[in-house]
Each structure stands twice: as C-alpha cells, then as structure tokens.
Ligand code: C5P
C-alpha cells in the first residue's frame, strides 16, 4: 500500500466521522488521501477536520475557480490509484448508477478511469428500497466494488443492514482493490502454514436427515482470509455453509466430524491451527441406509447418540501438533469460566470465547475474549472480519516472536 494514493469522497451521513479514522489508518500505512467533502458531508464534519488528518487540501466545490485552476475535477479523478466513497449515500449511488453529475463528487465519479469502492451507509429501509437495490445492482454490474454495509443498530434507532463498514474493514477492501500481490510483500506470515476449520458439521440420521447446528462459517472464513492476506499458505476445512470460497485459500469441503478430522490430519503439518468449526459433539450411532418411515403404529424411532472424536484435542495431542493451537468456545453461560477450563482440557494454547446467546451465529458481528496462559483479554465488539484481522495480527506477532 505504501506510496499509493486514494481519492476519498465523503458523503452526507453520520458515518462521515469514521472516514476521519480511515484517513488516519491509511496514513499509518503510507497511503496519501485526498478528500472531496460533499455539501451534505460538510454538515457532519468540517473540511478543516478532514485536512487536519489528511494533511492535504479538502475539495468541496465544483464551481470554485481557484479549486478548478489548482486541480480540476478531471485531474482529481485520475491522480489517485483508487476512488473510495465512504459514506456512500443513496444519493451518490443513485447519481453514479444513473449517470448524473451536478457537483464535484458526482462529476469526479463519472470522470474517473480508476476503480471505485463504495462503503454504503444509510437507513435500513432506504438500503432495502427497490430503487437503491437497483442502483446497487447496476453499479455492481458496472464493476464498482462494495464493502458493507453491515447489520447493526443505526443512529436512527432502527436495526438491520445499513451501517457503514468499520474503517479496518474498508482498509482491507482497499488493500484488496489495490492488488493482493502487493500485500504479500510485507506479509508477516509469509512462509508459514495455517489450518483453519469453519462451519457446522452434519451427522446423518438417514439419507435425508441430519443433526446439525446454526453455524454460518462467517467467523472461520474471515480468519482464513485474514491469515492468507497476512501471507500464510492457508487451508480451510469447511462444513456445509453457503459462503463463497475465499480467493487464495485452499478450500476442502467436508460434511461430518469424522471427515473433518481426516481432512485436518491430511492437511498437517501447519504452524497454526484455528478450530473455528462448530463440530457436532455427538452423532447417531448409525445412519440408516434408507429414509426412516413413519410406522402405522406411530412408534417414534429412538436415535442413540455416540461421541464424535474431539478434533481439537486430538490434533493438540498429536505428534504433528501445530506450534500454535487455537480453539473456539461458543457458550451461552459463564462464557469466560467455561473457556478457561476448556483451554486446559483440550490442550489448546488459546481459546477464543464468544457468547452465542445473541445473534452471533449467522450475524456479522462478534464480541470475543482471548484466553491464553497469560490470562483473559476482553476484545470490544467488532465485525467478524475485524476479529479475523486482529487475530491474524496476534498470531503473526506470536509466531514471529517464537521463531
Ligand atoms: O467442547 P466444545 O464443543 O465447546 O469445544 C469447542 C472447540 O472444540 C472448538 O474449537 C471446536 O472447533 C472444537 N471441537 C472439536 N471437535 C469436537 C468438538 C469441538 O474440535 N468434536
């Protein structure tokens, strides 16, 4: 990223304040940001605040002679490596999708020859309205990139998709848009191997039925992607989920716990193992070869359960043990106490404990605690993508420190 430059268009929305943090994070990585603040954006943050963090002039007005003579909208749109719109309002999306241009932001967006990345932010009903859906579809078809929006509570008090992605997520999307190859160069986990599991397992009862759980796989996929981005050669062993394969990660799909164990053993050795999968603790002692039928005398079949192998404990005790073994603990009660006990019982180095009594399973956000030999760290609530990025950074620190 170092040496790249971004043109950031800040639209009108309460999320505009997060753009200031985005500019700071970009600056930390040696990226120069030049900003355009729309008229509505200027109602939320000031050009002075933007220039203070960017160290650059902030552009506001298409019809300002001085601005146009210094750096006109055509040049502004071409001088950067990437154009980012955050927050991207319904208005800016609609104008870009419809080819309208009546201010500096919209003319610049039409005039650019660079990729455009949008971080939408708006009320949930606006985001779900047919016209915004149409704009989003058109823009995606035109090759415009998106990050977010996330589900969550909104400034207006409603809940649902519409919250702007967090600065670290936008940063990750910018890195990706600028080209993954470049990120690899300064990736701390280069030369290391990571093994990640994700999703539920399904334990068959008969050919059409199974025992399963609500795991969506989102957290595990985010971790695998973050480790890959950090340079690790990453294998992801996934139970049945509806997520697309993350680019750059070797994906093996499995169904049952026993298949997951076999796939993990085949993928070793690795430097780090992250067991984010929600593995079924039990399976029916045998799966019927044909569909169980309702009997006329209404006798209900009894399903006897037997214990599944504990993949985490098995791999932690194996001769092929990865240097860093990380398990997850999904708990509804006494989250930290149970996780501390689990760390010892399973022989893991770290346990990431999360409270799944809310809508964590399937949701976009997570609040976790990292339990290690050093004690318990409470992490603030963040998106699963951010949890993945933070965890990858901690893994890198630890493996590098131990190398
Ligand atoms: O005991 P519990 O299921 O809560 O432990 C959770 C952790 O153990 C997770 O990291 C999960 O992936 C792993 N696990 C496993 N094999 C099992 C059950 C859980 O590896 N059979």
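In the numbering used here, the protein residues as written are -1 to 401.
Cβ atoms here follow ideal geometry from the backbone N, Cα and C, with glycine treated the same way.
Query	Result
Just to check my reading of the structure: residue 215 and residue 241 have Cβ atoms closer than 8 Å, yes? What is that Cβ distance to the nearest angstrom?	5 Å
Reducing DSSP to helix, strand and coil, say where residue 181 ends up.	With a pLDDT of only 45 at residue 181, under 50, the local geometry of the prediction cannot be trusted, and the value read off the model is given with reservation. Note: residue 181 maps to helix in three-state DSSP.
In whole angstroms, what separates the C-alpha of residue 153 from that of residue 336?	35 Å
Can you look up residue 329 in the DSSP assignment and give me helix, strand or coil?	strand
Closer than 5 Å between the C-beta and any heavy atom of the ligand C5P: which residues qualify, listed along the chain?	273, 275, 277, 306, 308, 309, 310, 325 and 326
Quick one: is residue 9 buried, meaning 16 or more other Cβ sit within 10 Å of its Cβ, or exposed?	buried
Would you identify the three-state DSSP class for residue 64, choosing helix, strand or coil?	helix
Helix, strand or coil for residue 289 per DSSP?	coil
Just the Cα atoms here: how many angstroms apart are residue 345 and residue 373?	15 Å
If you follow the beta strand (DSSP E) that residue 246 is part of, which residue opens it and which one closes it?	Counting along the chain, residue 246 falls outside any beta strand (DSSP E), and DSSP gives it neither H nor E.
Buried or exposed: where does residue 126 fall if 16 or more other Cβ atoms within 10 Å of its Cβ makes it buried?	exposed
Can you tell me whether residue 183 is buried or exposed? The criterion is at least 16 other CB atoms within 10 Å of its CB, across all chains shown.	Any reading at residue 183 must be qualified, since the residue scores a pLDDT of 47, below 50, and its modelled position is unreliable; the value itself is stated next. The residue is exposed, with fewer than 16 neighbouring Cβ atoms inside 10 Å.
On a Cα-Cα basis, can you pick out the residue from 316, 118, 52 and 264 that is closest to residue 142?	118
Would you identify the three-state DSSP class for residue 48, choosing helix, strand or coil?	helix
Given that a residue counts as buried once 16 or more other Cβ atoms are within 10 Å of its Cβ, and exposed if not, what is residue 269?	buried
Using only the alpha-carbon positions, how far apart do residue 281 and residue 296 sit?	24 Å
Should residue 221 and residue 80 be called a contact, given that it needs their Cβ atoms to be closer than 8 Å?	no
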